[in-house]
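For the record, the sequence lines run as chains A and B. First residue of the first sequence: 1, per our numbering; consecutive thereafter. First residue of the second sequence: 1001, per our numbering; consecutive thereafter. The beta-carbon is built from N, C-alpha and C at its ideal position, and this holds for glycine as well. This report concerns only the one structure given below.
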Amino acid sequence: MQININVNGSDHSLDVEPRRLLVDAIRSDLGLKGTHIGCDTTSCGACTVLVDGTPVKSCTMFAVQADGSSVTTVEGLKGADGLSAVQQGFAAEHGLQCGFCTPGMMLVSTALLEENPDPSEDDIRWAISGNICRCTGYVNIVKAVQWAAAAARNGGEEG
Amino acid sequence: MYPPVFEYQAPDTLEGALAALAELGDEGRVLAGGQSLIPMMKLRLAAPSHLVDINRIGELSYVRRENGSLCIGALARHNDVVGSAEAKASGVVSSAAPWISDPLVRNRGTVCGSVAHCDPEGDWNSVMLAARADVIAQSSAGSRSIGIDDFIVSFFTNALEPGEMVTGVCIPIPSGPSGGAYMKLERKIGDYATVGVATQLELASNGTIAQAGIGLTAVNYQNTRASAAEDLLRGETPSDELFAEAGAAAAAASDPQTDVRGDAEWKRNVVAVYTRRGLAKALASATS
């Protein structure tokens, strides 16, 4: 089937089988390897992308279902001014160890801050609760999101 | 992992979906949120030859009050219920919504999809039992309302006929003071319930219990109404002792399996405790 999706601001037309998973269309057809495949069973959140702004597990959605949608992957977080506040926060607070879950973590955090610019620690832990990190114990991930929230509130200055 | 090959269509009207299902009969399967169906297809536990994707049928995406009921359309996501002011009319529904899986699954998965799935470890059917909900089934021939007790036939088996789909679920809002709660024990966010108990109480003007609803998750081969416990409560004056008796009766209606989440005897105890606590919460909100 022919589908049209906008990924990170660029329009793409793809010919996919209906059973093609969105994550594979992103990784293999478009070559964007920042979206990771962790469990492949809807459990870990490593494959999180934003579909029309909403975080979803791209291993549990068919690419044909994204026809006409806008998809944001980790490669799309960086703006014209450089890394986004969330990306800077993960760097500043060392919100990662192995980095495998990080793209998903940054995408759910971006969606959270879009909806709630001043989240409490509980709000942050709640928002990332569908994304599993096996390294950090989540402490620095929470700090990274807090850093990003503070930076965004202070107009881009470090929080 | 890849599902077997299937044919796919995504109609943008309900009529279109019903026409497709009528033509496909047994071969057609509705794809809503896909958060259970797609994993099952990847594991080859399900292999539908045709999927009718209803995600483009905007008219099915609602959470609204209708004739004294809270009605949830087939395309309403779990998260639409979490954020819904209308859903607060049903304590047991609004209490359960944040407990469904994890935030990412809640963004995509649908309430009606879970209801139709009839997974005994799914949360919503216990809630629907406690609230005595009606499932709205439609086919190209018409629409019918199926009480939740009749809708749940067995393990992963519902009462839909070929060509029918669930288009909504309607939860009656009690006219008197009422409250409800969903109590879920899970090992981690996103895991299935080790044990889940849905409770709802409606009080008469003299403070006695006019109606009680108790639904049990993950402790039988299907979501189960704890009828004996409900019978104990109906017509009585609420008290801690009464709720403890109802808890014991609910535990007696449970036949959990020993598995990685715990042994059967312990799970039965959790049913007793969660029923008692859930009823206390339901009473507190009914009297507040």
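Taking only beta-carbon atoms, is G159/A less than 9 angstroms away from chain B? Its pLDDT being 45, under 50, G159/A is placed unreliably by the model, and the measurement read from it follows with that caveat. No, G159/A does not count as interfacial toward chain B.
For D67/A, the first and last residue of its enclosing beta strand (DSSP E): No beta strand (DSSP E) contains D67/A, which DSSP labels as neither H nor E.
Contact belief for A1133/B with V1169/B at Cβ below 8 angstroms, rounded distance in angstroms: 5 angstroms between Cβ atoms; contact.
Identify the residues that DSSP records as bridge partners of D1134/B: which are they? G1147/B, C1170/B, per the DSSP bridge assignment.
Would you list, in sequence order, the uninterrupted alpha helix (DSSP H) runs of no fewer than 4 residues that lie entirely inside the stretch 1026-1077 of chain B? Taking only runs of at least 4 residues, the alpha helix (DSSP H) segments lying wholly in the stretch 1026-1077 of chain B are 1037-1042.
Three or more C-beta pairs under 8 angstroms: does that hold for the stretch 1100-1111 of chain B against the stretch 1077-1084 of chain B? The stretch 1100-1111 of chain B makes contact with the stretch 1077-1084 of chain B, as at least three CB pairs between them are under 8 angstroms.
Near-chain A residues of the stretch 1060-1082 of chain B (beta-carbon distance less than 7 angstroms), N- to C-terminal order: Those residues of the stretch 1060-1082 of chain B that come within reach of chain A (Cβ to Cβ, closer than 7 angstroms) do not exist; the list is empty.
Under the assumption that A1253/B contacts A1272/B (Cβ atoms under 8 angstroms), give the Cβ distance between them as a whole number of angstroms. With a Cβ gap of about 11 angstroms, A1253/B and A1272/B do not count as contacting.
Please state whether DSSP places V1260/B in a helix, a strand or coil. Coil.
Span of the beta strand (DSSP E), counted from its first residue to its last, around I5/A: Note, I5/A: beta strand (DSSP E), 2-7.
At which residue ranges does the stretch 1190-1278 of chain B contain complete alpha helix (DSSP H) runs of 4 or more residues, listed in the order of the chain? Here the runs fully enclosed are 1227-1233, 1240-1252.
Between the alpha carbons of V1153/B and D1119/B, how many angstroms are there, rounded? Going from the Cα of V1153/B to the Cα of D1119/B covers about 11 angstroms.
Burial state of D1102/B (16 or more Cβ within 10 Å): Residue environment: D1102/B is assigned as buried (16 or more neighbouring CB atoms within 10 Å of its CB, all protein chains considered).
Taking C-beta pairs closer than 9 angstroms, name the residues in chain B that G38/A reaches, listed in chain order. Those within 9 angstroms of G38/A in chain B number zero; the least Cβ separation is about 12 angstroms.
Taking the alpha carbon of G1091/B as the reference point, which residue from Q1138/B, T1199/B, W1266/B has its own alpha carbon closest? For the residues Q1138/B, T1199/B, W1266/B, the minimum Cα distance to G1091/B belongs to T1199/B.
Do V108/A and Q48/A come within 9 angstroms of each other at the CB atom, strictly closer than that value? The sequence as given places Thr at residue 48/A; Gln does not occur at that position. Contact check for T48/A against V108/A passes: the beta carbons are separated by less than 9 angstroms.
Looking only at C-alpha atoms, which of G45/A, C98/A, N154/A sits nearest to T73/A? The candidate whose alpha carbon is nearest that of T73/A is G45/A.
Tell me whether P1098/B sits in a helix, a strand or coil according to DSSP, three-state version. For P1098/B, the secondary structure class from DSSP, reduced to helix, strand or coil, is helix.
Say whether chain B places a C-beta atom closer than 9 angstroms to the C-beta of F90/A. At a cut-off of 9 angstroms between beta carbons, F90/A makes no contact with chain B.
Give me the residue from V64/A, M1/A, A148/A with the minimum Cα distance to D15/A. Check the Cα spacing between D15/A and each of V64/A, M1/A, A148/A: the tightest is with M1/A.
Closest by C-alpha distance to T110/A, when choosing among I3/A, C98/A, G89/A, N6/A: If we check each option's Cα against that of T110/A, G89/A comes out closest.
P1177/B and T1287/B closer than 9 angstroms at C-beta: Contact annotation: P1177/B and T1287/B have beta-carbon atoms nearer than 9 angstroms.
Taking I1057/B and L1075/B to be in contact with their CB atoms under 8 angstroms, please state how far apart those CB atoms are, rounded to whole angstroms. Contact between I1057/B and L1075/B holds: CB atoms are separated by about 6 angstroms, below the 8 angstroms threshold.
Of the listed residues L112/A, G76/A, V71/A, Q97/A, nearest to D123/A (C-alpha basis): Ranking L112/A, G76/A, V71/A, Q97/A by Cα distance to D123/A puts L112/A first.
In the stretch 70-136 of chain A, which residue ranges form an unbroken alpha helix (DSSP H) of at least 4 residues, counting only runs that do not cross its ends? Whole alpha helix (DSSP H) segments, 4+ residues: 85-92, 102-115, 121-127.
Integer Cβ distance of N1107/B from R1077/B, believed to fall under 8 angstroms: 6 angstroms between Cβ atoms; contact.
Own chain residues within Cβ distance below 7 angstroms of A1248/B, not counting five before or after: Within the same chain, A1248/B has close Cβ partners A1272.
Check each candidate in A66/A, V139/A, L83/A, D24/A and name the one with the smallest Cα separation from G95/A. The candidate whose alpha carbon is nearest that of G95/A is V139/A.
Since V160/A meets chain B, which of its residues come closer than 9 angstroms, beta carbon to beta carbon? Lying outside 1 to 159, the shown extent of chain A, residue 160/A is not represented and no answer is given.
What did DSSP end up calling M1128/B once you bin it into helix, strand or coil? M1128/B carries a helical assignment under DSSP once its states are collapsed to helix, strand and coil.
Pick helix, strand or coil for D1119/B, following the three-state DSSP scheme. Of the three classes helix, strand and coil, the one that applies to D1119/B here is coil, per DSSP.
Residues bridged to T42/A [DSSP beta-bridge criterion]: Its beta-bridge partners do not exist; DSSP assigns none.
According to a CB-to-CB cut-off of less than 8 angstroms, which residues of the stretch 97-121 of chain A neighbour chain B? Within the stretch 97-121 of chain A, the qualifying residues are V108.
Nearest CA to the CA of K1188/B: which residue from V7/A, A148/A, S129/A? The residue with the shortest Cα to Cα distance from K1188/B is S129/A.
Cα-Cα separation, G99/A to W126/A: Roughly 20 angstroms separates the two Cα atoms.
Spatial neighbours of G1122/B within its chain, please: C-beta separation below 6 angstroms, excluding the five flanking residues on both sides. Counting only residues of its own chain and dropping the five nearest sequence neighbours on each side, G1122/B has a CB closer than 6 angstroms to the CB of S1114.
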